[in-house]
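Down below is the structure, laid out as structure tokens.
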Amino acid sequence: MTLVYLGLVILVIALVLFFQSGRTRKAAGLPGGRVIYTDTRAWSKQEKPLTDSDLGLTGKPDYIVEQSGRLIPVEVKSGKSPAAPYDSHIFQLASYCLLIERTMGKRPPYGIIHYQDRDFAIDYTHELEMTLMDILAEMRRDERRSSVPRSHESAGRCAKCGFAQICEEKL
Ligand code: SF4
């Protein structure tokens with residue numbers, strides 16, 4: 647990869663983590679998520695992005711659900727659900743949990759990934775938070791480097807990548 651820009655949007659985090667997913671899952675022991683029923687009528691759309699300038703992190707969950715005083719972020723994915731949520735989706739959701747805690751003062755106990763056909767609850771554990779913080783630190787280090795090597799051998803990923811036009815490592 648040519649450059650990773652930390653300050654852009656959480657989508658970037660999701661993409662980078664998607665490229666690294668195999669390695670990350672082994673290292674993190676990520677929660678696989680549990681299938682839950684949700685009532686979408688109780689969801690309120692999140693209009694404004696949440697930003698933490700100390701972390702250089704900005705992102706906007708699709709919805710934030712208020713449940714008995716708790717705030718639960720919801721990320722909506724257009725496709726059908728995989729057997730278990732992708733690591734990239736889990737970290738994207740964890741980023742929203744982190745941003746909610748930092749900007750709204752309440753720690754979400756979990757977040758929801760809403761696929762076309764089912765929903766998964768992902769517990770926002772301290773282990774998940776620590777792994778996310780490590781990844782953010784790694785991305786900050788990468789941001790200062792002029793070149794970051796490609797972490798995969800998939801031409802298909804490059805074909806769909808938003809950086810493809812400027813990337814010197816493109817397959
Ligand atoms: S074009 Fe390929 S190697 Fe370059 S950033 Fe995108 S996915 Fe990574």
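Letter 95 of the sequence shown, counting from 1, is numbered 741 in the numbering used here, and no numbers are missing. Here a beta-carbon is modelled for each residue, glycine too, at the ideal position from N, C-alpha and C. Because the structure is a prediction, the values reported are computed rather than measured.
Straight-line gap, residue i to residue j (C-alpha atoms, nearest Å)
i: His-760; j: Ala-767; result: 9 Å
i: Asp-769; j: Val-711; result: 15 Å
i: Gln-713; j: Cys-743; result: 15 Å
i: Ile-812; j: Ala-801; result: 15 Å
i: Asp-700; j: Arg-753; result: 18 Å
i: Ala-729; j: Ile-758; result: 15 Å
i: Gly-715; j: Lys-806; result: 40 Å
i: Ser-667; j: Glu-747; result: Here Ser-667 scores only 49 on pLDDT, less than 50, and its place in the model should not be relied on; the value that follows carries that caveat. Each residue's Cα considered, the two are about 25 Å apart.
i: Trp-689; j: Ser-734; result: 23 Å
i: Asp-751; j: Gly-705; result: In the sequence as displayed, the identity of residue 751 is Gly instead of Asp. Whole-angstrom Cα-Cα distance: 16 Å.
i: Phe-665; j: Asp-780; result: Bear in mind that the predicted position of Phe-665 carries a pLDDT of just 49, short of 50, making it unreliable; the figure below should be weighed with that in mind. The alpha-carbon atoms of Phe-665 and Asp-780 are separated by roughly 16 Å.
i: Pro-707; j: Tyr-732; result: 17 Å
i: Phe-737; j: Glu-784; result: 14 Å
i: Glu-799; j: Phe-809; result: 16 Å
i: Tyr-756; j: Val-720; result: 10 Å
i: Leu-817; j: Arg-803; result: 9 Å
Continuous alpha helix (DSSP H) stretch holding residue i: start and end
i: Phe-809; result: It is not in any alpha helix (DSSP H) - Phe-809 carries neither H nor E in the DSSP assignment.
i: Leu-717; result: First-last for Leu-717: 716 to 722, but that is the beta strand (DSSP E), not the alpha helix (DSSP H).
i: Ala-767; result: Segment 765 to 769 is the beta strand (DSSP E) holding Ala-767; no alpha helix (DSSP H) there.
i: Tyr-742; result: 733 to 750
i: Leu-774; result: 772 to 790
Limits of the beta strand (DSSP E) - the one that residue i falls within
i: Glu-815; result: It is not in any beta strand (DSSP E) - Glu-815 carries neither H nor E in the DSSP assignment.
i: His-798; result: Where His-798 is concerned, there is no enclosing beta strand (DSSP E), given that its DSSP letter is neither H nor E.
i: Asp-698; result: 696 to 698
i: Gln-713; result: 709 to 713
i: Gly-757; result: 756 to 760
i: Leu-703; result: 703 to 705
Within 8 Å, strictly: CB atoms of residue i and residue j
i: Glu-814; j: Pro-795; result: no
i: Leu-703; j: Ser-741; result: yes
i: Met-762; j: Ser-724; result: The amino acid at residue 762 is misidentified as Met; the sequence shows Gln. Closer than 8 Å, so yes.
i: Leu-696; j: Leu-745; result: yes
i: Lys-694; j: Tyr-709; result: no
i: Asp-698; j: Thr-777; result: no
CB contact check: residue i to chain C, cutoff 8 Å
i: Asp-698; result: Annotation note: the requested chain C is absent from the structure, which comprises a single protein chain.
Please enumerate, following chain order, all residues with a beta carbon closer than 5 Å to at least one heavy atom belonging to the ligand SF4. Met-647, Arg-796, Arg-803, Cys-804, Cys-807, Phe-809, Ala-810, Cys-813, Glu-815, Lys-816
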